[in-house]
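**Q** Protein sequence lines, in the order shown, are assigned to chains E and Z.
Residue numbers for the first sequence follow this note's numbering, so the first one is 56 and each next one is one higher.
Residue numbers for the second sequence follow this note's numbering, so the first one is 3 and each next one is one higher.
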Amino acid sequence: MIRDPKDLQRYTPQERANHWVVGISFILLALSGLAFFHPAFYPLTYLFGGGTWARILHPYIGVFMAFFFVLMFLRFRKLNAMTKTDKEWLSRIGEMVDGDDHNMPEQGKYNGGQKAMFWASVVCMVLLVVSGVLIWRAQFSPPLELVRFGAVVHAVAGAAMIALIMIHVYAAIWVKGTIRAMWYGTVTRAWAKQHHRAWYREMTGK
Amino acid sequence: MALQSLDIKQRSATTTPAPSVRKTAEVAKLIDVSACIGCKACQAACMEWNDIRDEVGINYGVYDNPVDLTAKSWTVMRFAEVEEKGRLEWLIRKDGCMHCGDPGCLKACPAPGAIVQYANGIVDFHEENCIGCGYCVTGCPFNIPRISKEDSKAYKCTLCSDRVAVGQAPACAKACPTGAIQFGSKEDMKDYAAKRIGDLKERGFDKAGLYDPAGVGGTHVLYVLHHADRPQLYNGLPADPGISPLVSLWKGMAKPLASLALGAVALGSLFHYVMKGPNEVSKETEKEVEKEGSQ
Numbered sequence: 056m057i058r059d060p061k062d063l064q065r066y067t068p069q070e071r072a073n074h075w076v077v078g079i080s081f082i083l084l085a086l087s088g089l090a091f092f093h094p095a096f097y098p099l100t101y102l103f104g105g106g107t108w109a110r111i112l113h114p115y116i117g118v119f120m121a122f123f124f125v126l127m128f129l130r131f132r133k134l135n136a137m138t139k140t141d142k143e144w145l146s147r148i149g150e151m152v153d154g155d156d157h158n159m160p161e162q163g164k165y166n167g168g169q170k171a172m173f174w175a176s177v178v179c180m181v182l183l184v185v186s187g188v189l190i191w192r193a194q195f196s197p198p199l200e201l202v203r204f205g206a207v208v209h210a211v212a213g214a215a216m217i218a219l220i221m222i223h224v225y226a227a228i229w230v231k232g233t234i235r236a237m238w239y240g241t242v243t244r245a246w247a248k249q250h251h252r253a254w255y256r257e258m259t260g261k
Numbered sequence: 003m004a005l006q007s008l009d010i011k012q013r014s015a016t017t018t019p020a021p022s023v024r025k026t027a028e029v030a031k032l033i034d035v036s037a038c039i040g041c042k043a044c045q046a047a048c049m050e051w052n053d054i055r056d057e058v059g060i061n062y063g064v065y066d067n068p069v070d071l072t073a074k075s076w077t078v079m080r081f082a083e084v085e086e087k088g089r090l091e092w093l094i095r096k097d098g099c100m101h102c103g104d105p106g107c108l109k110a111c112p113a114p115g116a117i118v119q120y121a122n123g124i125v126d127f128h129e130e131n132c133i134g135c136g137y138c139v140t141g142c143p144f145n146i147p148r149i150s151k152e153d154s155k156a157y158k159c160t161l162c163s164d165r166v167a168v169g170q171a172p173a174c175a176k177a178c179p180t181g182a183i184q185f186g187s188k189e190d191m192k193d194y195a196a197k198r199i200g201d202l203k204e205r206g207f208d209k210a211g212l213y214d215p216a217g218v219g220g221t222h223v224l225y226v227l228h229h230a231d232r233p234q235l236y237n238g239l240p241a242d243p244g245i246s247p248l249v250s251l252w253k254g255m256a257k258p259l260a261s262l263a264l265g266a267v268a269l270g271s272l273f274h275y276v277m278k279g280p281n282e283v284s285k286e287t288e289k290e291v292e293k294e295g296s297q
């Protein structure tokens with residue numbers, strides 16, 4: 056449903072649905088995973104019907120998320136290829152965070168930060184899936200030393216993933232006019248020109 | 003599974019002090035391997051007292067029966083045939099939970115109160131709080147806990163904490179016909195062991211000694227070994243057991259620090275927004291786009 060014909064389509068309905076399936080699974084995984092991460096978060100297990108239910112559900116939600124994450128990876132991997140401009144953008148990220156984007160290099164559909172986020176979350180996801188299989192006692196029983204290694208990797212990658220997604224969400228909140236792209240797919244032309252000028256040109260020919 | 007609640011030294015996944023108003027003496031079970039005849043009365047007594055019957059398994063061609071610990075067999079005799087100085091030695095070790103001073107299972111457990119350590123040193127699983135994740139198996143340096151296939155809870159030797167709480171010796175110690183299993187205060191058990199070790203040394207076992215490994219803070223199940231310099235002879239009893247550095251890393255400072263870091267990211271974002279303001283589209287860009295649109 057596009058009310059303003061001048062708005063630019065940034066995500067298709069399929070892309071949005073895919074993103075939210077992954078997003079919801081991630082939230083459930085983060086909440087149940089944190090519960091086992093530190094006793095301070097253990098009460099989060101009540102959201103899942105108690106400790107045992109959280110333990111049972113967490114890996115299945117993980118498998119579910121992994122499947123849809125792979126689909127999302129296939130959809131977006133080409134758009135996230137790093138270029139020279141992205142590296143320059145990343146080297147000047149301090150200016151961006153400081154709130155001054157005047158001298159930032161012109162960006163395509165995604166800026167260097169978004170691409171870095173994409174690849175970092177891919178790495179975390181691979182680590183989480185592999186280590187998650189190693190520590191899934193109900194299904195597998197690999198050698199103990201491997202399970203121990205898996206437990207460390209899973210905890211580290213899980214914490215890193217949560218931090219990454221926090222930054223991802225905050226960036227969307229900070230940059231006004233962004234969240235609607237993931238809700239209903241469009242952004243305003245001004246938004247596109249401001250934040251992703253090369254993509255704006257590509258879309259509008261201006 | 004036991005119910006004492008006034009004398010808890012440590013409780014899993016709990017960051018505040020456990021109820022510990024009652025102080026009790028440290029206890030220990032002493033297993034004198036040199037006096038064991040492998041009759042398995044201890045195994046029978048264990049299943050009898052705890053009223054648990056494992057499935058009848060199959061014979062693997064060795065005396066070990068069952069062949070490994072299970073959720074229903076909390077102690078097993080492990081038989082090792084070793085040649086020493088041209089003589090065959092039949093080393094029989096009663097395997098089971100060692101009740102470590104510094105228990106790896108308790109350290110690894112994420113469920114509050116699923117594992118406790120009493121002031122007397124007994125490490126006990128409270129299965130009603132167990133969530134079945136198997137982290138205790140990951141944490142244990144002796145590979146003792148077993149997850150039940152029926153209810154997904156972790157089980158192991160309780161050192162008969164229910165009997166000990168009312169002044170009785172564990173069932174295995176009570177049943178042992180040769181006195182190879184002794185029970186009492188840890189001090190007394192060490193004294194008793196010293197006498198046995200003296201005897202063994204006189205009989206030519208000059209490396210006889212007590213197994214009370216310091217790497218796990220000492221244990222509350224002690225072995226008298228004829229070859230204390232080589233505990234591995236006894237079906238792979240670890241020479242220098244300790245909680246794996248991976249488990250210490252996983253359950254040590256890393257987690258509180260990572261939790262703080264996550265909190266810092268969340269708060270950092272909030273204050274970034276408050277101090278830098280939202281990243282809005284500039285009026286300038288809006289006007290430019292409007293102009294382009296009307297061309």
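Ideal placement from N, C-alpha and C gives every residue a C-beta, glycine not left out.
According to the neighbour-count rule (16 or more other Cβ atoms, all chains shown, within 10 Å of its Cβ), is Gln69(E) buried or exposed?
**A** Position 14 of the first sequence holds residue 69(E). Result: exposed.
**Q** Would a C-beta distance cut-off of 8 angstroms place Ala47(Z) and Cys174(Z) closer than the cut-off?
**A** Locating residue 47(Z) in the second sequence gives position 45, counting from the first residue. Locating residue 174(Z) in the second sequence gives position 172, counting from the first residue. In this structure, Cys174(Z) lies closer than 8 angstroms to Ala47(Z) by Cβ.
**Q** Since Met277(Z) sits in a beta bridge, which residues does DSSP pair it with?
**A** By 1-based counting over the second sequence, the position of residue 277(Z) is 275. Its beta-bridge partners do not exist; DSSP assigns none.
**Q** Distance cutoff 8 angstroms, beta carbons only. Does Met3(Z) sit that close to anything in chain E?
**A** The residue labelled residue 3(Z) in the question sits at position 1 within the second sequence. Residue placement at Met3(Z) is poorly supported in this model, since its pLDDT is 46, which falls under 50; the coordinates are not used for a value here.
**Q** Under the DSSP definition of a beta bridge, which residues are partnered with Val118(Z)?
**A** Start at 1 with the first residue of the second sequence, and residue 118(Z) comes out as number 116. Val118(Z) pairs with Arg13(Z) and Asp126(Z).
**Q** Strictly by DSSP, which residues pair up with Gln184(Z)?
**A** Here the question's residue 184(Z) lines up with position 182 in the second sequence. BP columns for Gln184(Z) point to Leu32(Z).
**Q** Using a cut-off of 7 angstroms between C-beta atoms, extract the partners of Gln69(E) located in chain C.
**A** In the structure shown, chain C does not exist; the protein chains are E and Z.
**Q** Less than 8 angstroms between the C-beta atoms of Ile33(Z) and Pro143(Z), yes or no?
**A** Position 31 of the second sequence holds residue 33(Z). Position 141 of the second sequence holds residue 143(Z). No; because the gap between Cβ atoms is not below 8 angstroms, this pair is not in contact.
**Q** Exposed or buried, which one is His157(E) when buried takes at least 16 other CB atoms within 10 Å?
**A** Walking along the first sequence from the start, residue 157(E) turns up at place 102. Looking at its Cβ environment, which holds fewer than 16 other Cβ atoms inside 10 Å, His157(E) is exposed.
**Q** So the candidates are Asp9(Z), Ala43(Z) and Pro68(Z); which of them puts its Cα closest to the Cα of Thr180(Z)?
**A** Residue 180(Z) sits at position 178 when you count from the first residue of the second sequence. Ranking the options by Cα distance to Thr180(Z), first place goes to Ala43(Z).
**Q** Show which residues of chain E have a CB atom less than 8 angstroms away from the CB atom of Ile149(Z).
**A** Counting from one through the second sequence, the residue named residue 149(Z) turns up at place 147. Within chain E, the residues near Ile149(Z) are Arg192.
**Q** Spatial neighbours of Ile220(E) within its chain, please: C-beta separation below 8 angstroms, excluding the five flanking residues on both sides.
**A** The residue labelled residue 220(E) in the question sits at position 165 within the first sequence. Answer for Ile220(E): Phe81, Ala85 and Ser176, listed in chain order.
**Q** Less than 8 angstroms separating the beta-carbons of Lys170(E) and Met137(E)?
**A** Taking the first residue of the first sequence as 1, we reach residue 170(E) at position 115. Taking the first residue of the first sequence as 1, we reach residue 137(E) at position 82. In contact: Lys170(E) and Met137(E) (Cβ atoms closer than 8 angstroms).
**Q** Tyr101(E) touches chain Z at which residues, Cβ-Cβ below 9 angstroms?
**A** By one-based count along the first sequence, residue 101(E) stands at place 46. Those within 9 angstroms of Tyr101(E) in chain Z number zero; the least Cβ separation is about 12 angstroms.
**Q** Please state if the CB of Trp252(Z) and the CB of Tyr157(Z) are separated by a distance shorter than 8 angstroms.
**A** In the second sequence, residue 157(Z) corresponds to position 155, counting from 1. In the second sequence, residue 252(Z) corresponds to position 250, counting from 1. No, Cβ-Cβ distance for Tyr157(Z) and Trp252(Z) is not below 8 angstroms.
**Q** Is the distance from the Cβ of Gly187(E) to the Cβ of Gly117(E) below 8 angstroms?
**A** For the purposes of this step, residue 187(E) is identified with residue 132 of the first sequence, where counting begins at 1. For the purposes of this step, residue 117(E) is identified with residue 62 of the first sequence, where counting begins at 1. Against a cut-off of 8 angstroms, the Cβ pair of Gly117(E) and Gly187(E) comes out as a contact.
**Q** Output needed for Ala4(Z): all residues of its chain with C-beta closer than 7 angstroms, excluding positions within five of it in sequence on either side, in chain order.
**A** Indexing the second sequence from 1 puts residue 4(Z) at position 2. Note that Ala4(Z) has pLDDT 49, beneath the 50 cutoff, so the model's placement of it is unreliable and the number below is only indicative. If we look at Ala4(Z) and ignore the five residues flanking it on each side, its Cβ neighbours are Asp126, Thr160, Ser163, Asp164 and Ala167.
**Q** Can the beta-carbon of Leu212(Z) be found closer than 8 angstroms to that of Val226(Z)?
**A** As a working note, residue 212(Z) is residue 210 in the second sequence. As a working note, residue 226(Z) is residue 224 in the second sequence. Cβ atoms of Leu212(Z) and Val226(Z): closer than 8 angstroms.
**Q** Considering Arg110(E), what are the terminal residues of the alpha helix (DSSP H) in which it resides?
**A** Residue 110(E) sits at position 55 when you count from the first residue of the first sequence. That run of the alpha helix (DSSP H) goes Gly106 to Phe131.
**Q** On the three-pair Cβ rule with 8 angstroms, is the segment 103–115 of chain E touching the segment 132–146 of chain Z?
**A** Segments in contact, yes.
**Q** For a contact defined as C-beta to C-beta under 8 angstroms, what are the partners of Tyr194(Z) on chain E?
**A** The residue given as residue 194(Z) occupies position 192 in the second sequence. Result: empty, since nearest Cβ-Cβ is about 33 angstroms, beyond 8 angstroms.
**Q** Which residues in the same chain have their Cβ closer than 6 angstroms to the Cβ of Met258(E), if we skip the five residues on either side of it in sequence?
**A** Within the first sequence, residue 258(E) is the residue found at index 203, counting from 1. Correct list, in chain order: Leu63.
**Q** Skipping 5 residues on each side, what residues in its chain have a beta carbon closer than 7 angstroms to that of Thr17(Z)?
**A** Indexing the second sequence from 1 puts residue 17(Z) at position 15. So no residue of the chain qualifies.
**Q** Could you tell me which of Ser196(E), His113(E) and Gly168(E) sits nearest to Glu150(E), measuring between CA atoms?
**A** Along the first sequence, one-based indexing puts residue 150(E) at 95. Residue Gly168(E) is the option with its Cα nearest to Glu150(E).
**Q** Mind checking which residues open and close the beta strand (DSSP E) that includes Gly149(E)?
**A** Mapped onto the first sequence, residue 149(E) falls at position 94. Per DSSP, Gly149(E) belongs to no beta strand (DSSP E); it is in the alpha helix (DSSP H), Ile148 to Val152.
**Q** Using CA atoms only, rank isn't needed, just tell me which of Leu89(E), Ile222(E) and Asp153(E) is closest to Met277(Z).
**A** As a position in the second sequence, residue 277(Z) is number 275, starting the count at 1. The option with the nearest alpha carbon to Met277(Z) is Asp153(E).
**Q** Among the candidates Lys289(Z), Ser261(Z), Asn61(Z) and Trp51(Z), whose CA atom is the shortest distance from the CA of Met216(E)?
**A** Taking the first sequence and counting its residues from 1, one reaches residue 216(E) at position 161. Answer by Cα proximity: Ser261(Z).
**Q** Which residues, taken in chain order from the segment 266–283 of chain Z, show a beta carbon closer than 8 angstroms to some beta carbon of chain E?
**A** Residues Val267, Ala268, Ser271, His274, Tyr275, Lys278, Gly279, Pro280, Asn281, Glu282 and Val283.
**Q** Opposite Phe81(Z) in the DSSP bridges: which residues?
**A** Taking the second sequence and counting its residues from 1, one reaches residue 81(Z) at position 79. Ile94(Z).
**Q** Does Pro160(E) have its Cβ less than 8 angstroms from a Cβ in chain Z?
**A** Taking the first residue of the first sequence as 1, we reach residue 160(E) at position 105. It does not: the Cβ of Pro160(E) has no partner Cβ on chain Z nearer than 8 angstroms.
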